[in-house]
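Take a look at the structure below.
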Amino acid sequence: MSRKAYFEHAKRVVIKAGTNILVDGQGNLYEDFLNTLAGDLSELKKEGKDVVLVTSGAVRTGVFKLGYDPLASAQHTQMKQAAAAVGQVLLMQKYQEVFNRFGLWVAQIMVTRSDFRIWEKYLNILNTFNYLLKNQQVVPVVNENDTISTEGVEFGENDRLAAFIANKIEADVMIFLSNIEGVYTKDPKDLRQRDALKIIPLIEEITPEMERAAQATKMTKGSRGGMYTKLQACKMAMNFGIFTVIAYGHEKNVVRRILHGEELGTLFLPSKRQVQRRRNRKNWLAHALFPKGKLVVDEGAKMAICNQGASLLPSGIKEVQGSFVPGDLISIMDLEDHEIARGLVSYSSEEVLKIKGAQSAEIKTRLGYERSENEVVHRDNLVLV
71 MSRKAYFEHA
81 KRVVIKAGTN
91 ILVDGQGNLY
101 EDFLNTLAGD
111 LSELKKEGKD
121 VVLVTSGAVR
131 TGVFKLGYDP
141 LASAQHTQMK
151 QAAAAVGQVL
161 LMQKYQEVFN
171 RFGLWVAQIM
181 VTRSDFRIWE
191 KYLNILNTFN
201 YLLKNQQVVP
211 VVNENDTIST
221 EGVEFGENDR
231 LAAFIANKIE
241 ADVMIFLSNI
251 EGVYTKDPKD
261 LRQRDALKII
271 PLIEEITPEM
281 ERAAQATKMT
291 KGSRGGMYTK
301 LQACKMAMNF
311 GIFTVIAYGH
321 EKNVVRRILH
331 GEELGTLFLP
341 SKRQVQRRRN
351 RKNWLAHALF
361 PKGKLVVDEG
371 AKMAICNQGA
381 SLLPSGIKEV
391 QGSFVPGDLI
401 SIMDLEDHEI
411 ARGLVSYSSE
421 EVLKIKGAQS
431 AEIKTRLGYE
441 RSENEVVHRD
451 NLVLV
């Protein structure tokens with residue numbers, strides 16, 4: 071099937087612009103690129119497409135404005151956060167200036183992964199996206215809020231953030247604009263292999279060999295992502311039925327040309343084993359939270375959960391890992407250490423240690439007090455992964 075056929079009916083698109091195509095080595099924004107990007111997005115909006123832009127570049131922009139050493143700031147969380155605070159303002163000012171030339175307004179959305187942990191906040195974010203996308207003059211521009219991310223970078227640069235957002239808003243296509251032309255057959259930085267270097271036009275499955283090769287490649291100085299994080303983001307998108315392209319961002323009109331069917335970069339096809347898109351709450355459980363612990367279950371419990379949509383009862387639990395309280399998210403693992411589900415637990419880790427393997431009628435005796443719930447994880451609070 072041709073690229074044009076794949077993208078012919080694409081309605082909702084997420085574009086991720088990487089640091090290296092936005093900002094040069096001295097902290098200056100590439101205005102020609104921004105002009106081309108704004109023109110492409112303007113045309114796509116006129117075609118009736120919904121467009122979300124995920125941007126990097128704030129940290130590098132701020133580092134040079136503040137006179138920080140780029141290498142030192144990359145290892146210093148507070149320095150990086152301060153640079154992001156300054157750089158984000160400059161970045162958004164430039165976006166608005168350039169996009170306004172094409173009759174567009176930018177809507178800034180700053181997120182951290184913790185913003186998605188609370189169900190009400192999660193819904194508010196989705197509602198904001200959906201409302202903004204109804205307006206043909208507005209382009210939502212998303213960035214991770216590095217200034218307050220307590221772990222420095224929660225998503226792993228903005229590559230996984232883009233995939234995360236694409237999944238949440240049910241995008242059809244995601245495009246990574248990078249300083250490389252796609253996925254290569256060899257490491258492009260290895261001069262000894264330049265003669266054998268080719269772009270892989272189509273990838274149907276990301277293999278462990280690809281991931282190992284990507285981990286071995288060096289990132290560009292001052293960039294937090296790299297090919298490995300892009301492959302991880304592509305894998306997530308593939309599993310949720312999203313077509314994904316990695317392409318060279320400074321190629322003229324690259325976004326429009328890709329969506330019109332031109333074979334630029336590397337196209338990742340949705341997985342044949344893609345997970346069916348879930349209702350919002352189930353989606354939230356699967357991806358918006360960090361598991362606080364694990365429950366290892368026997369084969370009977372695994373079959374009941376996976377095949378019958380059952381709740382997790384104490385009798386099927388073999389092992390408890392980690393410390394958690396009622397309401398925390400936990401991973402449910404099989405005996406071979408494969409994650410089969412996630413869910414909000416009704417008992418603390420201390421309580422589950424006491425009741426694991428017990429029949430429901432034994433819960434009160436083992437705990438020494440009565441609980442209203444027999445289910446350790448109720449099926450309404452459980453999602454398969």
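With our numbering, you'll find the sequence shown wraps up at 455, consecutive numbering, no jumps. For glycine and all other residues, C-beta sits at the position ideal for the given N, C-alpha and C.
Counting Cβ pairs closer than 8 Å, one from the region 274 to 288 and one from the region 361 to 379, do we hit at least three?
Counting Cβ pairs under 8 Å, fewer than three are found: no touch.
Decide if Asn377 is buried, meaning its Cβ has at least 16 other Cβ atoms within 10 Å, or exposed.
Walking along the sequence shown from the start, residue 377 turns up at place 307. Its Cβ having fewer than 16 others within 10 Å, Asn377 is exposed.
Helix or strand or just coil, what does DSSP make of Pro140?
Stepping through the sequence shown from its first residue, residue 140 is reached at position 70. Under the three-state reduction of DSSP, Pro140 is assigned to helix.
Check Ile312 in the structure and name its three-state DSSP category.
Counted from its first residue, the sequence shown places residue 312 at position 242. Coil at Ile312, not helix or strand.
For Asp102, does the count of other Cβ atoms within 10 angstroms reach 16, so buried, or fall short, so exposed?
Within the sequence shown, numbered from 1, the residue matching residue 102 stands at position 32. It is exposed - the Cβ of Asp102 has fewer than 16 other Cβ atoms within 10 Å.
When Leu437, Leu329, Gln429 are compared against Met244, the one with the closest alpha-carbon:
Locating residue 244 in the sequence shown gives position 174, counting from the first residue. Closest by alpha carbon: Leu329.
Is there contact between the region 129 to 146 and the region 176 to 193, where contact requires at least three CB pairs shorter than 8 Å?
With the cut-off at 8 Å, the region 129 to 146 and the region 176 to 193 do not touch.
Closer than 7 Å by C-beta to Gln158: which residues in its own chain qualify, once you throw out the five before and the five after it? Chain order, please.
Position 88 of the sequence shown holds residue 158. Counting only Cβ-Cβ distances below 7 Å, and skipping sequence neighbours, we find Ala128, Asn213.
Hey, Asp407 and Val447: beta-carbon distance below 9 Å or not?
Here residue 407 is taken as the residue at index 337 of the sequence shown, counted from 1. Here residue 447 is taken as the residue at index 377 of the sequence shown, counted from 1. When the beta-carbon positions are compared, Asp407 and Val447 stay at least 9 Å from each other.
Below 8 Å CB to CB, which residues in the same chain sit around Leu337 once its five sequence neighbours on both sides are set aside?
Position 267 of the sequence shown, counted from the first residue, corresponds to residue 337. These residues qualify, in order along the chain: Arg73, Tyr76, Pro271, Leu272, Ile273, Phe313, Thr314, Val315.
Grouping DSSP H, G and I as helix and E and B as strand, with all else coil, what is Lys364?
For the purposes of this step, residue 364 is taken as residue 294 along the sequence shown, with counting starting at 1. Residue state for Lys364 is assigned as strand, using DSSP reduced to three classes.
Quick check on DSSP: helix, strand or coil for Tyr254?
By one-based count along the sequence shown, residue 254 stands at place 184. Here Tyr254 sits in strand by DSSP.
Give the DSSP-derived three-state secondary structure of Tyr439 in the structure shown.
Counting from one through the sequence shown, the residue named residue 439 turns up at place 369. Residue state, collapsed to three classes: coil.
Identify whether Glu281 lies in helix, strand or coil by the three-state DSSP scheme.
Within the sequence shown, the letter at position 211 stands for residue 281. Note: Glu281 maps to helix in three-state DSSP.
Among residues of its own chain, excluding the 5 on either side of Lys81, which ones have a beta-carbon nearer than 8 Å to its beta-carbon?
One-based indexing of the sequence shown puts residue 81 at position 11. Only Gly118, Lys119, Asp120, Asp242 meet the Cβ criterion.
Taking the straight line between their C-alpha atoms, what separation do you get for Ala380 and Val156?
By 1-based counting over the sequence shown, the position of residue 380 is 310. By 1-based counting over the sequence shown, the position of residue 156 is 86. If I take the Cα positions, the gap works out to 50 Å.
Sequence-distant residues of the same chain with beta carbon closer than 7 Å to Arg449, five excluded per side
For this step, residue 449 is matched to residue 379 along the sequence shown. Hits under 7 Å: Gly379, Ala380, Ser381.
Is it buried or exposed for Gly132, if we count other Cβ within 10 angstroms and need 16 for buried?
Residue 132 sits at position 62 when you count from the first residue of the sequence shown. Around the C-beta of Gly132, 16 or more other C-beta atoms lie within 10 Å, and the residue is accordingly described as buried.
Val324 vs Gly335 beta-carbon contact at 9 Å
As a working mapping, residue 324 is identified with position 254 in the sequence shown. As a working mapping, residue 335 is identified with position 265 in the sequence shown. Yes; because the gap between Cβ atoms is below 9 Å, this pair is in contact.
Sorted by chain position, which residues of the same chain lie with C-beta nearer than 6 Å to Ala87's C-beta, five sequence neighbours on each side aside?
Within the sequence shown, residue 87 is the residue found at index 17, counting from 1. Here the set comprises Thr125, Leu247.
Quick one: what's got a C-beta closer than 7 Å to Lys164's C-beta in the same chain, skipping five residues either side?
Your numbering for residue 164 matches position 94 in the sequence shown. Residues Leu99, Leu104 of the same chain have their beta carbon placed closer than 7 Å to that of Lys164, with the five preceding and five following residues left out of the count.
Residue of Ala428, Phe234, Leu92 minimising C-alpha distance to Asn249
On the sequence shown, position 179 is the one that residue 249 refers to. Taking only the C-alpha atoms, the option nearest Asn249 is Leu92.
Cutting at 6 Å between CB atoms, please list the residues of its own chain near Gly292, excluding the five before and the five after it.
In the sequence shown, the residue the question calls residue 292 occupies position 222. Its pLDDT being 47, under 50, Gly292 is placed unreliably in this model, and the value from its coordinates should be taken loosely. So the list reads Arg130, Pro140, once near-sequence residues are dropped.
Quick one, are the C-beta atoms of Asn237 and Ala142 less than 9 Å apart?
Counting from 1 along the sequence shown, the entry for residue 237 is found at position 167. Counting from 1 along the sequence shown, the entry for residue 142 is found at position 72. Against a cut-off of 9 Å, the Cβ pair of Ala142 and Asn237 comes out as no contact.
Got a sec? Which residues, its chain only, sit under 7 Å from Glu421 by beta carbon, not counting five neighbours each side?
One-based indexing of the sequence shown puts residue 421 at position 351. Within the same chain, Leu437 come within 7 Å of Glu421 by CB-CB distance, once the 5 residues on both sides are set aside.
DSSP state of Leu355 mapped onto helix, strand, coil:
Walking along the sequence shown from the start, residue 355 turns up at place 285. The answer is helix: DSSP assigns Leu355 an H, G or I state.
Taking C-alpha atoms, which residue in Gln207, Gly392, Leu231, Lys300 lies nearest to Asn170?
Residue mapping note: residue 170 aligns to position 100 of the sequence shown, counting from 1. With respect to the C-alpha of Asn170, the residue from Gln207, Gly392, Leu231, Lys300 having the closest C-alpha is Gln207.
Classify Ser418 as helix, strand or coil using the three-state DSSP reduction.
Within the sequence shown, numbered from 1, the residue matching residue 418 stands at position 348. Three-state DSSP puts Ser418 in coil, outside helix and strand.
Between Glu321 and the rest of its own chain, which residues show a CB-CB distance below 7 Å, the 5 nearest in sequence each way excluded?
Here residue 321 corresponds to residue number 251 of the sequence shown, with the count starting at 1. For Glu321, where only same-chain residues beyond five positions count, the Cβ hits under 7 Å are Leu334.
Reducing DSSP to helix, strand and coil, say where Glu432 ends up.
Taking the first residue of the sequence shown as 1, we reach residue 432 at position 362. Helix.
Figure out for me which residue from Gln145, Pro278, Phe234 has the closest Cα to the Cα of Ser184.
One-based indexing of the sequence shown puts residue 184 at position 114. Ranking Gln145, Pro278, Phe234 by CA distance to the CA of Ser184 puts Phe234 first.
Given Asn444, which residues of its chain have a CB within under 6 Å of its CB, disregarding the five upstream and five downstream residues?
As a first step, residue 444 must be located in the sequence shown, where it is residue number 374. Within the same chain, Asn444 has close Cβ partners Ser430.
Quick check on DSSP: helix, strand or coil for Thr182?
Here residue 182 corresponds to residue number 112 of the sequence shown, with the count starting at 1. Per DSSP, reduced to three states, the secondary structure at Thr182 is coil, with no helix or strand assignment.
Determine the burial state of Ile505: buried for a count of at least 16 other Cβ atoms within 10 Å of its Cβ, exposed for fewer.
Because the chain is modelled from 71 through 455, residue 505 falls outside the range shown and cannot be assessed.
Assigned exposure category for Phe134 - 16 Cβ within 10 Å defines buried
Here residue 134 refers to the residue found at position 64 when the sequence shown is read from its first residue. When all chains shown are included, Phe134 counts as buried.
Using three-state DSSP, classify Val223 as helix, strand or coil.
Looking up residue 223 in the sequence shown gives position 153. With a pLDDT of 47 at Val223, under the threshold of 50, the predicted position of this residue should be treated as unreliable, though the coordinate-derived value follows. In this structure, Val223 counts as coil in the three-state DSSP scheme.
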